[in-house]
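Participant: Numbering (this note's numbering), first residue to last: 662 to 945. Glycine residues also receive a C-beta, built at the ideal position from the N, C-alpha and C atoms. What follows is a structure written as C-alpha cells; I'll ask about it next.
Laid out in C-alpha cells, this is it:
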C-alpha cells in the first residue's frame, strides 16, 4: 500500500510539474503605444489566476509581413492599450475581488502548442483588424468548447468609414471561421453575466480616449458606431463563451482610469463589466 501511495503521489507530482513546464513564462512585448511601461515589483510572484491577452494575425500582415510603424516594425493591433490597460485592470481585480491574480498579463498565441489551455480567460482588442488563419481559428474553437472564455473589445461601426475597413465585417470573417454554425446574439439585461458581482442593467457606451479627447464624441465610425452592443456566443449548455463588446472601448476605460480628463463613470463601468465577466467565467 505504501508503495502504491508513493507511486500515486509521484504521478501527481509529475503531472503538476508537466503543467508548470507547459506554461510559457511571462514575457514583455513591443507595443503600439508603450515602449517602457514599468513592471510591478511583484510581477514574478505566482498566483492562482491571471488574464491572458490574445496575440493574433491581423489584416496588415502581422506577424509574418510587418510594415514599418514610426520607423520600427509594426507591433500588431493586438497590442493596443498594452500593457497599461492590463496592469491597471489587474490592480482593480485585486482591490475589488478576492481573486488571487497576478499583477501582469500573459500574452498567448494560438500557435498549436498547449499553452493557451493554461489560461482560461482570453482578451482580444481591436478585433476589427484581426485575420485568423485556419489553424488559429481551429485552436480557438477547441479552447472555447473545452470551457474557455473570450472577451473581445474596441471595434466600431458596421459599414466602411472614410475608406477604412468595415470592422464588424472583418471581425465576423474570422469569428465565422471559429464558429460557422453558432449565432451571435444580443445578451439580455437579465443574463447572469451582468449580475455576477454588480447588477449592470444600466450600461452605456465607454468611449475611446483618443477620439473623445480630439472630437468630444463618445462614438467612432459614424452613425453605425453610436449604439453600444453587448453580444455573445453560447456553448451547448447556454453558457456565454464569447463576450462581444462592440462600439465601445473598455480597454481605454482601464487604461485611462488615472487620467482626470477621462470621466470616472466610464472607467467605473469598464471595471465592473470586466470583473463581472471574469466572475462569470469562473462560476459558469
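Contact defined as beta carbons within less than 8 Å: I believe residue 828 pairs with residue 871. What is the distance between those atoms, to the nearest angstrom?
Facilitator: In fact, because the Cβ distance is near 16 Å, the residues do not count as touching under 8 Å.
Participant: Could you check the C-alpha separation between residue 858 and residue 937 for me, to the nearest Å?
Facilitator: Cα to Cα, the separation comes out at about 6 Å.
Participant: For residue 722 and residue 796, I'd like the C-alpha separation in whole angstroms.
Facilitator: Near 16 Å, if we compare the C-alpha coordinates of residue 796 and residue 722.
Participant: Quick one: what's got a C-beta closer than 7 Å to residue 681's C-beta in the same chain, skipping five residues either side?
Facilitator: Residue placement at residue 681 is poorly supported in this model, since its pLDDT is 46, which falls under 50; the coordinates are not used for a value here.
Participant: Where does residue 830 sit, in a helix, a strand or coil, going by DSSP?
Facilitator: If DSSP states are grouped into helix, strand and coil, residue 830 belongs with the helices.
Participant: Just curious, the alpha helix (DSSP H) that residue 748 is in, first and last residue?
Facilitator: It spans 745-757 - the alpha helix (DSSP H) in which residue 748 sits, taken as one unbroken run.
Participant: Please list, in chain order, all residues of the same chain as residue 848 whose beta carbon is under 8 Å from its beta carbon, the five residues on each side excluded.
Facilitator: Result list for residue 848: 854, 855, 891, 892, 893, 901 and 904, in chain order.
Participant: Check for me: the beta strand (DSSP E) holding residue 892 runs from which residue to which?
Facilitator: Its beta strand (DSSP E) spans residues 890-895.
Participant: Let me know if residue 766 comes out buried or exposed under the rule of 16 or more other beta-carbons within 10 Å of its beta-carbon.
Facilitator: Under this definition residue 766 is a buried residue.
Participant: Is it buried or exposed for residue 705, if we count other Cβ within 10 angstroms and need 16 for buried?
Facilitator: Answer is exposed; the Cβ neighbour count stays below 16.
Participant: Report buried or exposed for residue 699, applying the criterion of at least 16 other Cβ atoms within 10 angstroms of its Cβ.
Facilitator: Residue 699 comes out exposed.
Participant: With a threshold of 16 other CB atoms inside 10 Å of the CB of residue 935, please say whether the residue is buried or exposed.
Facilitator: Its Cβ being crowded by 16 or more others within 10 Å, residue 935 is buried.
Participant: Check whether the stretch 825-841 and the stretch 776-784 touch, using three or more Cβ-Cβ pairs below 8 Å as the test.
Facilitator: No: fewer than three Cβ pairs fall under 8 Å.
Participant: For residue 905, which beta-bridge partners are listed by DSSP?
Facilitator: Answer is 813 and 892, bridged to residue 905.
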